[in-house]
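K.L.:
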Amino acid sequence: MSENNEKIQLLTWTIDEQLFGLDIGKCREVDRDMKITAVPHSKIFIAGIVNLRGDVVTVIDLKMLLNNDSIPTESPKNVIIRLKSESSNIAIKADRISDILEISQDQIEPAATHLSDFETKYITHVGITDKGLVLILNSNELLNIKD
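In the working numbering, the protein residues as written are 407 to 553.
#1: Buried or exposed for Phe524, going by 16 or more other Cβ atoms inside 10 Å?
#2: Tell me whether the beta-carbon of Asp437 lies closer than 8 Å to the beta-carbon of Arg488.
#3: Is the CB-CB distance between Met470 and Val456 below 8 Å?
#4: Examine the Cβ distances between the stretch 512-529 and the stretch 447-464 and report whether three or more of them are shorter than 8 Å.
#5: Which whole-angstrom value describes the C-beta separation of Ile466 and Ile430, a residue pair presumed to lie in contact below a C-beta threshold of 8 Å?
#6: When you compare only the Cα positions, how much space is there between Ala517 and His447?
#7: Using the Cα positions of Glu547 and Ile534, report the straight-line distance between them to the nearest angstrom.
#8: How would you write the range of the alpha helix (DSSP H) that Leu566 sits in, first residue to last?
#9: On the DSSP letters alone, give me the boundaries of the beta strand (DSSP E) that Thr443 sits inside.
#10: Helix, strand or coil, according to DSSP, for Asp505 in the structure here?
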């Protein structure tokens with residue numbers, strides 16, 4: 407992202423105390439207290455599916471996607487962030503929603519200098535904020551996940 411004072415708004419959330427963010431324009435909705443239904447024989451990073459007002463939505467567990475050494479955790483009540491898309495019904499599982507942060511472009515660095523090639527497929531930038539470092543996700547890759 408270029409260095410200027412243009413600001414972007416990020417919806418932020420935590421997973422294991424790590425702060426993640428996504429351009430608020432890429433988020434359709436946030437739902438709390440969701441029961442995720444497991445899907446037998448699905449990929450390890452698929453937390454399961456939920457029914458959101460008649461739409462079956464696949465829920466991605468970012469912790470499992472980015473760190474296959476992790477152990478999936480189950481919670482009776484989950485927070486999910488549904489991504490905006492015309493063709494896919496994808497949501498991200500979160501521990502808790504943090505804030506909507508407004509940060510300027512000069513507070514954002516490319517993730518490639520800090521993360522592995524696999525991680526930078528899903529994490530494009532790192533935001534430097536008063537709340538800490540925010541890993542900014544690539545919604546297009548998450549919507550087209552096939553790994």
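Think of the CB as a built atom: it goes at the ideal place given N, C-alpha and C, for glycine as much as any other residue. As the structure is a computational prediction, the values presented were derived from the model and not from experiment.
P.N.:
Per the coordinate set shown:
#1: Your numbering for residue 524 matches position 118 in the sequence shown. Exposed, since its Cβ has fewer than 16 Cβ neighbours within 10 Å.
#2: Within the sequence shown, residue 437 is the residue found at index 31, counting from 1. Within the sequence shown, residue 488 is the residue found at index 82, counting from 1. Cβ distance < 8 Å, so Asp437 and Arg488 count as in contact.
#3: Here residue 470 refers to the residue found at position 64 when the sequence shown is read from its first residue. Here residue 456 refers to the residue found at position 50 when the sequence shown is read from its first residue. Result no, Cβ atoms of Met470 and Val456 do not sit closer than 8 Å.
#4: no
#5: Along the sequence shown, one-based indexing puts residue 466 at 60. Along the sequence shown, one-based indexing puts residue 430 at 24. Not quite, the Cβ-Cβ distance comes to about 19 Å (not below 8 Å), so this is no contact.
#6: As a first step, residue 517 must be located in the sequence shown, where it is residue number 111. As a first step, residue 447 must be located in the sequence shown, where it is residue number 41. Distance between the alpha carbons of Ala517 and His447: 32 Å.
#7: Position 141 of the sequence shown, counted from the first residue, corresponds to residue 547. Position 128 of the sequence shown, counted from the first residue, corresponds to residue 534. Each residue's alpha carbon lies about 22 Å from the other.
#8: The structure shown does not extend to residue 566, since the chain is modelled only from 407 through 553, so no value can be given for it.
#9: Walking along the sequence shown from the start, residue 443 turns up at place 37. Where Thr443 is concerned, there is no enclosing beta strand (DSSP E), given that its DSSP letter is neither H nor E.
#10: For this step, residue 505 is matched to residue 99 along the sequence shown. DSSP places Asp505 in strand when its eight states are reduced to three.
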